[in-house]
Every structure is written in C-alpha cells, then in structure tokens.
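Chains as they are written, first to last, in this note's numbering: chain A, 0 to 313; chain B, 2 to 433.
Below: one structure, written as structure tokens.
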C-alpha cells in the first residue's frame with residue numbers, strides 16, 4: 000500500500016513535473032515565436048539590403064555589363080583582370096598605408112590624450128574633450144576642402160605661414176606623388192584622434208584604480224603604471240578600436256574625392272573610389288562589382304587572422 | 002431592412018465608381034511630362050522654371066514635373082530609373098557618346114532623326130546640336146548650351162606690355178614669355194585633378210595643331226593619334242610647363258577664375274561659360290579672340306565647341322508627342338533663346354532671330370560660332386568613349402608632374418582608344 004502510495008505520489012509528482020515541463024515548453028515556444036516576430040523586420044531589411052545585394056554583386060562580378068541593357072556572362076574574367084590591375088593593387092597598398100597612418104596619428108594619440116584627460120585633476124578637461132572631438136562631427140567634404148586650402152601651395156595657410164617667416168618656397172603636398180597620401184593621412188588623423196579619445200576615456204573611467212596602489216608601493220613610475228596596470232585593462236577596447244579603424248579606413252571615399260580624386264597619377268587612389276570610378280564613371284559595373292567582392296574577401300581574411308591572433312594571445 | 006440597406010450601399014458604390022471613372026476620364030486629357038535635369042545653379046534653375054511656366058501657359062493641358070539633380074546624381078539615378086522602367090519622359094543631361102551611348106544600345110532613348118525633319122531643327126539649330134548627340138545614323142538628343150573655347154586676356158596688361166592679341170600659337174608663346182618676364186603668370190589655367198580643366202585645355206591645344214581631316218579621322222574613324230601635329234601640340238604644352246607659363250604647381254587644384262580676375266594671370270583659355278563671372282569680377286577690360294592656330298597647321302587650326310547639355314527623350318515614354326513639342330519649345334523658340342542668353346549667359350542652339358541684352362564678351366563669342374572663316378568642331382569630350390575620356394581627364398595633370406611625356410601620351414591614348422574600339426563604343430564602331 001505504502002509502495003502503491005509512494006508509486007502514486009511519484010507518478011503524481013512526476014506528472015506535475017511533466018506538466019510543468021510541458022507548460023514551460025509551451026511558454027518557451029510562444030516566447031520563441033514572439034522573438035522571431037520581433038526580429039522579422041530587421042531580418043527582412045538584412046535579407047534585402049545585404050543578402051540580396053551581395054548576391055546581385057556576385058552575379059554582376061561574373062558579367063560584362065555597363066549598367067544598362069543586357070549583361071554578358073564572362074565567368075571569372077573580371078577577377079583575372081583585377082589580379083593584374085596595377086591601379087587596383089596600388090589602391091590596396093594605399094588603403095593599408097592610410098590605415099597605418101590613421102592608427103599612428105589617430106588611435107595612439109587618442110589613447111594618450113584620453114589617459115591624460117581621464118585624470119581627475121585636469122582643469123578644463125570637459126572643454127578639451129569637446130574641442131578635440133569637434134572635428135569628428137564635421138562632414139568629410141568640409142574638412143577635406145579646408146585642408147585642401149591649407150595645403151594650397153599658392154595661397155594656402157602653410158604657404159602664408161612660411162612666407163611670414165621669410166620662406167617663399169611652396170610645397171605642393173597634394174600635387175606630389177610622394178607626399179599626397181601623407182597629406183590625406185594627416186587630415187584623416189586630425190579628425191580621428193578626437194573620436195578615439197572619447198572611446199578610450201570611457202575605457203579609462205572604468206579601470207580599477209585600486210590595482211595601481213600595489214604598483215606604486217612596488218616603485219613603479221607613472222608610465223609603468225599606465226603600461227602594465229591601466230592599459231591591459233582596456234586592452235579589449237584597444238583591440239576593438241584597431242579592428243574598427245582598419246574597417247573604417249577601408250571605407251574612406253569622400254575625403255579622397257574632395258582632396259585629390261585619386262591623383263596625381265593614381266598616387267592617392269583608394270579602393271572605394273576605384274570601385275566607384277569603375278562602376279559609375281567608366282560604366283564597368285561587372286568589373287567594379289568584382290573589385291568590391293575581392294575587397295570584401297580580403298577584409299574577411301584580415302578579420303579572421305586578426306581575431307585568431309588575439310585569441311591565441313589570450 | 003438588411004436587403005434594402007445592402008441595395009442602397011451597392012447603388013452608392015456604383016455612383017461613386019462612375020464619379021471616379023469620370024474624374025479619370027477628365028484627367029486623361031491632362032498630360033504630365035516628367036523632366037530630370039542638371040540645371041541646379043540659381044540662374045539656371047530660375048530660367049528653367051521660367052521657361053516651363055511659359056510652356057505650360059501656352060499648353061494648359063501639359064504639366065511639367067521637374068526634378069533637379071547634380072550631373073553625377075542624374076547619371077547614377079538615370080541608369081536605375083531606366084532599368085526599373087520609371088525613367089522620366091525628358092532628360093536634360095550630357096550629350097556625348099560616352100554618356101548616352103549605352104542608353105541608345107539598350108533602347109532607352111528615342112531616335113530623333115525624324116523629329117529633326119518634322120520640327121525643322123536641321124535648319125533652325127546649329128549643326129553641332131545634332132552632330133554631337135549622334136552616331137551611325139542614330140540621333141539621340143537635341144544639343145543645347147552651345148559653348149566655344151577661346152583665348153581671353155587682360156587687355157589692360159597687354160596694352161601696358163605693348164602686346165597685341167596673338168594670331169598664332171607661336172605668337173601666343175612669345176606673349177606668354179613677355180608676360181612671365183614681367184612677373185605675371187602667363188596662363189590662369191591649371192592642369193589639376195578636375196577632368197574639365199585637363200580635357201578642355203588639351204583639346205584646344207590639339208585642335209590648334211591638327212587639321213580638320215586629322216581631327217575627323219580620329220573622331221569618326223578611330224585613327225591613331227601618332228601624328229606630327231599631336232606631337233607638336235603636346236610638345237608645346239610640355240614646353241610651356243617647363244617655362245613656367247602656368248601658375249605655380251599647376252597640378253594642384255587652383256581657382257583659375259580668381260587668378261585671372263585678380264590679374265595674377267593674364268591669359269585664360271576657357272569657354273563662354275566663364276563670361277558671367279568675368280563680367281562680375283574683372284575690373285579691367287577683357288579681350289577675347291578665337292584660340293589661335295599654329296603656323297604648322299595646314300588649315301590654320303579649329304575651334305573647340307561643346308554642347309553643354311542635351312535634351313533626351315525616353316523611348317518608352319507614353320507622351321512622346323508632348324515631349325517633342327516641349328523640347329521644340331525649349332530649343333527652337335526666340336522666347337527661350339532670349340532667356341538662355343540673357344539670364345544664363347549661355348548660347349542657345351537657335352539660329353533664328355531673337356533679341357537679347359547680353360554682354361559684349363558673350364556677343365563676341367556668339368560671333369565666333371557664326372564666323373564661317375573659323376572651323377568649329379566638337380571638342381574631344383563630345384565624342385570620346387569611356388577609356389579615352391578617362392585618359393584625357395588626367396592627361397594634363399600627368400604631363401604637369403612628368404608622369405607622361407609626348408611619346409607616352411600618344412601610346413597610352415592609342416591604347417585606350419583600342420579598348421573603346423573593342424567595346425564598340427566609339428563613333429566609328431557604335432552599333433545599336
């Protein structure tokens with residue numbers, strides 16, 4: 000009897016548990032469907048503006064097409080041509096040069112400035128933060144035009160300052176194939192370091208300052224504390240900023256368009272402008288699409304290698 | 002009761018439907034023409050609105066819906082519009098084969114050959130109005146904004162230096178040397194990142210040395226540019242660069258108009274589109290002469306003309322007749338010719354009589370176009386295809402920085418033409 004009662008109790012208890020599981024499953028399923036419904040608009044947009052667009056770009060890359068009329072299938076001919084296209088690879092190298100320049104002139108100065116401005120006893124730090132961030136909110140077309148005037152060898156600001164010091168020579172920063180990219184990079188770095196500063200300030204404000212005391216007691220100086228205590232704590236932010244900088248740098252377009260249009264002699268040619276020119280100026284949609292796909296593949300490879308190397312480090 | 006109510010509702014629906022259909026029937030008499038144009042500057046925009054208002058007043062059954070875009074945006078969105086089947090009825094854009102050839106091949110543009118006869122445009126408009134937007138028997142547009150390159154100069158400084166307007170390129174070279182020795186820049190022209198600065202200047206120099214037959218062979222038969230005349234022309238440009246006749250660092254974008262207006266530079270090779278700002282900003286007397294030909298040119302050289310804009314008609318428009326009537330009003334009409342000339346300082350293609358209060362400089366430029374002793378030929382950007390266009394758009398800057406010399410100019414140009422020939426996009430190889 001007792002066993003039967005126990006068995007009955009077990010069955011009942013088991014049944015209650017089963018009922019609860021069934022109810023929980025129903026509840027989870029309904030929640031699941033609600034979740035799907037909520038993300039459906041975003042998925043539709045993603046499908047249309049990314050998946051479909053990507054599919055079309057891959058399709059065009061296999062075609063000879065001027066943008067209107069019929070397309071002619073040519074297989075991988077566009078990719079073969081790209082591999083031998085000196086201007087494409089010049090643009091690719093320029094993009095890496097630009098990226099390295101922006102990291103040197105933007106990310107690291109931003110990091111140092113952020114560290115300084117995150118210290119509690121800096122007077123006017125709110126003002127400095129606003130001033131240094133200001134260039135970031137100005138359109139690239141505007142600051143590109145302003146810097147173009149600064150660099151003007153005939154009547155620009157640099158020329159005026161040099162003349163004031165008795166030096167009447169002129170430097171054609173944007174007219175020289177050897178210095179044009181440097182001119183663009185300086186302009187880009189000027190706008191970028193303020194943005195990096197803001198991101199890193201957020202990182203430094205969340206640093207655990209109690210970890211500094213043991214280092215201080217151990218005789219570490221300010222630089223050592225920065226390098227070995229504070230910096231490791233914001234390392235994830237730094238890594239993310241570096242990846243973001245690389246991706247953002249490969250998207251540069253309007254600055255080059257305004258300042259040099261890729262010249263002189265393609266010395267400042269960059270990939271986005273090159274792709275735009277191929278597709279919309281020279282009416283080579285297939286070739287431009289192939290260049291865009293190749294650029295996407297290269298960026299994916301870079302991201303995977305970088306994430307892999309960070310993973311190994313950790 | 003329910004049945005009565007239902008019957009009443011059905012009647013009401015029927016009456017309402019008849020009203021809608023009737024309204025639709027009335028609106029079928031009203032035609033709406035859509036126009037996309039690139040006349041975005043204040044003066045152009047106002048003038049176009051004025052012309053449209055005049056047309057609609059004279060044709061109350063036609064409404065013009067106008068959308069203004071910049072040239073680049075117009076080009077990009079037009080492709081998508083044609084592919085999507087909702088392109089406008091009338092487009093005002095570029096005229097050259099490089100811009101419109103693909104639309105013709107795809108069947109998007111109406112062949113206006115018969116329209117030219119029907120509306121008398123062959124007689125009423127300048128020849129370049131038809132010559133530029135046509136190839137292989139297909140006329141895809143009606144050219145407008147006739148432009149001509151000329152030599153503008155600071156007459157005050159010329160008089161001060163004892164110079165007279167040059168009649169040959171060789172005399173111009175001597176003038177430029179004298180001007181440079183006096184501490185000015187000879188030329189206001191920059192050979193910089195902007196395609197029009199390169200193309201217009203180089204085209205003008207080339208036409209000063211090439212004979213009509215040579216130009217015709219290159220333009221219409223894809224002949225090689227490996228000619229003595231081309232070598233002489235480009236050699237002269239390189240010589241001028243070396244002697245400092247251009248502003249300092251001509252490869253860097255410069256404000257040519259300002260340098261001329263400020264008397265920093267004394268000569269300016271440009272087109273009549275610059276007259277409006279010269280009239281406003283130059284406080285000296287501006288002289289203008291046709292760009293001189295070279296002594297080495299057997300026929301004295303040719304003048305570079307452009308068709309600044311062109312009316313195109315969508316071949317799939319449901320209102321073709323109205324669109325043709327509208328274009329005819331815009332180009333072959335003394336009223337609109339006056340508006341183009343007076344309010345926009347642009348030369349209309351209309352050859353009939355019209356009165357316009359225009360500046361003396363513009364009057365002279367119009368005179369050059371009407372001068373039968375001058376050979377007026379469409380400039381290179383009016384007939385080159387994509388690859389050649391791309392070459393010319395940076396060739397001047399590349400000459401200025403030494404990336405091109407005479408030999409590489411010719412060899413690269415010939416190679417780019419070969420690519421366009423392969424694409425069947427030149428005037429000679431154009432098919433549709």
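Here a beta-carbon is modelled for each residue, glycine too, at the ideal position from N, C-alpha and C.
Remember, it's a predicted structure, so these values are computed and weren't measured experimentally.
Classification of residue i by the beta-carbon crowding that lies within 10 angstroms, buried from 16 upward
{"i": "residue 128 (chain A)", "result": "buried"}
{"i": "residue 126 (chain B)", "result": "buried"}
{"i": "residue 303 (chain A)", "result": "exposed"}
{"i": "residue 332 (chain B)", "result": "buried"}
{"i": "residue 85 (chain A)", "result": "exposed"}
{"i": "residue 227 (chain A)", "result": "exposed"}
{"i": "residue 134 (chain B)", "result": "buried"}
{"i": "residue 310 (chain A)", "result": "exposed"}
{"i": "residue 320 (chain A)", "result": "Residue 320 (chain A) lies beyond the range of chain A shown here (0 to 313); nothing can be said about it."}
{"i": "residue 90 (chain B)", "result": "buried"}
{"i": "residue 175 (chain B)", "result": "exposed"}
{"i": "residue 124 (chain B)", "result": "exposed"}
{"i": "residue 48 (chain B)", "result": "buried"}
{"i": "residue 216 (chain A)", "result": "exposed"}
Alpha carbon of residue i to alpha carbon of residue j, nearest angstrom
{"i": "residue 83 (chain B)", "j": "residue 153 (chain A)", "result": "45 Å"}
{"i": "residue 314 (chain A)", "j": "residue 93 (chain A)", "result": "Since the first residue shown for chain A is 0 and the last is 313, residue 314 (chain A) is missing from the structure and cannot be characterised."}
{"i": "residue 302 (chain B)", "j": "residue 296 (chain B)", "result": "9 Å"}
{"i": "residue 119 (chain B)", "j": "residue 143 (chain A)", "result": "51 Å"}
{"i": "residue 138 (chain A)", "j": "residue 76 (chain B)", "result": "24 Å"}
{"i": "residue 61 (chain A)", "j": "residue 320 (chain B)", "result": "37 Å"}
{"i": "residue 41 (chain A)", "j": "residue 47 (chain A)", "result": "10 Å"}
{"i": "residue 113 (chain A)", "j": "residue 206 (chain A)", "result": "13 Å"}
{"i": "residue 187 (chain A)", "j": "residue 273 (chain A)", "result": "19 Å"}
{"i": "residue 115 (chain B)", "j": "residue 327 (chain B)", "result": "16 Å"}
{"i": "residue 286 (chain B)", "j": "residue 366 (chain B)", "result": "16 Å"}
{"i": "residue 166 (chain B)", "j": "residue 191 (chain B)", "result": "22 Å"}
{"i": "residue 168 (chain B)", "j": "residue 293 (chain B)", "result": "5 Å"}
{"i": "residue 219 (chain A)", "j": "residue 238 (chain A)", "result": "25 Å"}
{"i": "residue 282 (chain A)", "j": "residue 263 (chain B)", "result": "40 Å"}
{"i": "residue 72 (chain A)", "j": "residue 101 (chain B)", "result": "23 Å"}
{"i": "residue 220 (chain B)", "j": "residue 180 (chain A)", "result": "37 Å"}
{"i": "residue 308 (chain B)", "j": "residue 425 (chain B)", "result": "23 Å"}
{"i": "residue 121 (chain A)", "j": "residue 115 (chain A)", "result": "8 Å"}
{"i": "residue 26 (chain B)", "j": "residue 68 (chain B)", "result": "Annotation note: pLDDT 43 at residue 26 (chain B) (below 50); position unreliable, coordinate value reported separately. Residue 26 (chain B) and residue 68 (chain B): Cα-Cα distance of roughly 27 Å."}
{"i": "residue 42 (chain B)", "j": "residue 294 (chain A)", "result": "37 Å"}
{"i": "residue 90 (chain A)", "j": "residue 262 (chain A)", "result": "11 Å"}
{"i": "residue 28 (chain B)", "j": "residue 34 (chain B)", "result": "At residue 28 (chain B) the pLDDT is 49, less than 50, meaning the model places this residue with poor confidence and gives no usable figure here."}
{"i": "residue 380 (chain B)", "j": "residue 169 (chain A)", "result": "34 Å"}
{"i": "residue 166 (chain A)", "j": "residue 160 (chain A)", "result": "9 Å"}
Nearest to residue i (by Cα), restricted to the options the options
{"i": "residue 150 (chain A)", "options": "A:119, A:111, A:61 and A:259", "result": "A:259"}
{"i": "residue 427 (chain B)", "options": "B:30, B:78 and B:103", "result": "B:103"}
{"i": "residue 311 (chain B)", "options": "B:110, B:168 and B:85", "result": "B:110"}
{"i": "residue 251 (chain A)", "options": "A:270, A:229, A:262 and A:240", "result": "A:270"}
{"i": "residue 351 (chain B)", "options": "B:362, B:122, B:406 and B:189", "result": "B:122"}
{"i": "residue 79 (chain B)", "options": "B:380, B:314, B:341 and B:259", "result": "B:314"}
{"i": "residue 383 (chain B)", "options": "B:50, B:36 and B:147", "result": "B:147"}
{"i": "residue 393 (chain B)", "options": "B:235, B:425 and B:265", "result": "B:235"}
{"i": "residue 256 (chain B)", "options": "B:267, B:298 and B:189", "result": "B:189"}
{"i": "residue 161 (chain B)", "options": "B:149, B:184 and B:140", "result": "B:184"}
{"i": "residue 131 (chain A)", "options": "A:244, A:196, A:208 and A:43", "result": "A:196"}
{"i": "residue 279 (chain A)", "options": "B:65, B:230, B:10 and B:72", "result": "B:72"}
{"i": "residue 158 (chain A)", "options": "B:250, B:284 and B:200", "result": "B:250"}
{"i": "residue 429 (chain B)", "options": "B:404, B:154, B:139 and B:330", "result": "B:139"}
{"i": "residue 267 (chain B)", "options": "B:404, B:51 and B:152", "result": "B:152"}
One or two residues paired with residue i in a DSSP bridge
{"i": "residue 32 (chain B)", "result": "B:63"}
{"i": "residue 314 (chain B)", "result": "B:91"}
{"i": "residue 110 (chain B)", "result": "B:315"}
{"i": "residue 62 (chain A)", "result": "A:72"}
{"i": "residue 68 (chain B)", "result": "B:37"}
Under 8 Å by beta carbon: chain E residues contacting residue i
{"i": "residue 152 (chain A)", "result": "Here the protein chains are A and B, and chain E is not one of them."}
- Query: Unbroken alpha helix (DSSP H) runs of length 4 or more, entirely within the stretch 123-170 of chain B: which are they?
  - Reply: Taken in chain order, the complete alpha helix (DSSP H) segments of 4 residues or longer contained in the stretch 123-170 of chain B are 129-132 and 156-162.
Along the chain, which unbroken stretches of the beta strand (DSSP E) at least 3 residues long are found entirely within the stretch 101-182 of chain A? Contiguous beta strand (DSSP E) elements confined to the stretch 101-182 of chain A do not occur, taking only those with 3 or more residues.
Worksheet item: Can you list, in chain order, the stretches of the beta strand (DSSP E) that have 3 or more residues and sit fully within the stretch 339-399 of chain B?
Response: Counting only runs of 3 or more, we get 377-379.
Would you list, in sequence order, the uninterrupted alpha helix (DSSP H) runs of no fewer than 4 residues that lie entirely inside the stretch 239-325 of chain B? Here the runs fully enclosed are 257-262 and 276-282.
Fill in: Residue ranges of each alpha helix (DSSP H) within the stretch 167-232 of chain B, 4 or longer
With a minimum length of 4 residues, the unbroken runs of alpha helix (DSSP H) contained wholly in the stretch 167-232 of chain B fall at 170-182, 196-210 and 213-222.
Whole runs of the alpha helix (DSSP H) within the stretch 238-288 of chain A, excluding any shorter than 4 residues: Here the runs fully enclosed are 253-258 and 270-275.
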